[in-house]
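Numbering (the working numbering), first residue to last: 29 to 118.
Even for Gly, the Cβ is constructed at its ideal location relative to N, Cα and C.
Keep in mind that this is a model prediction, so the values were computed, not measured.
Accompanying notes for the structure given below.
Structure, rendered in structure tokens:
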């Protein structure tokens with residue numbers, strides 16, 4: 029579990045990064061993609077820890093469990109949407 033340090037009210041709380049151990053991780057809400065076309069799943073607004081020191085991003089606790097549930101039963105949690113896709117040469 030992350031340890032938090034006190035910050036001024038106008039700044040985001042900072043947590044200890046689980047990868048580098050520095051007090052430089054913060055919570056951010058990001059979109060995550062899983063799989064490949066045509067079975068691509070996008071999970072939007074996932075609470076994600078992002079480290080300002082090592083650059084690692086990772087999920088914890090409830091967010092990790094929620095994403096796991098979506099990936100285990102995608103038809104239960106997802107809806108079809110049309111998106112534009114650009115593919116660059118490999």
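Close-in-space but distant-in-sequence residues of the same chain around residue i (CB under 6 Å, 5 per side omitted)
| i | result |
| --- | --- |
| residue 60 | 71, 74 |
Residues of its chain near residue i, where Cβ-Cβ distance is below 7 Å and the 5 sequence neighbours each way are ignored
| i | result |
| --- | --- |
| residue 87 | 74, 76, 95 |
| residue 81 | 45, 48, 50, 52 |
Straight-line Cα distance separating residue j from residue i
| i | j | result |
| --- | --- | --- |
| residue 52 | residue 84 | 11 Å |
| residue 115 | residue 97 | 29 Å |
| residue 91 | residue 68 | 19 Å |
Beta-carbon gap between residue i and residue j smaller than 9 Å
| i | j | result |
| --- | --- | --- |
| residue 55 | residue 41 | yes |
| residue 113 | residue 62 | no |
Range of the contiguous beta strand (DSSP E) that encloses residue i
| i | result |
| --- | --- |
| residue 75 | 69-79 |
Limits of the alpha helix (DSSP H) - the one that residue i falls within
| i | result |
| --- | --- |
| residue 91 | 89-100 |
Other residues of its chain near residue i: CB distance less than 8 Å, five sequence neighbours each side excluded
| i | result |
| --- | --- |
| residue 101 | none |
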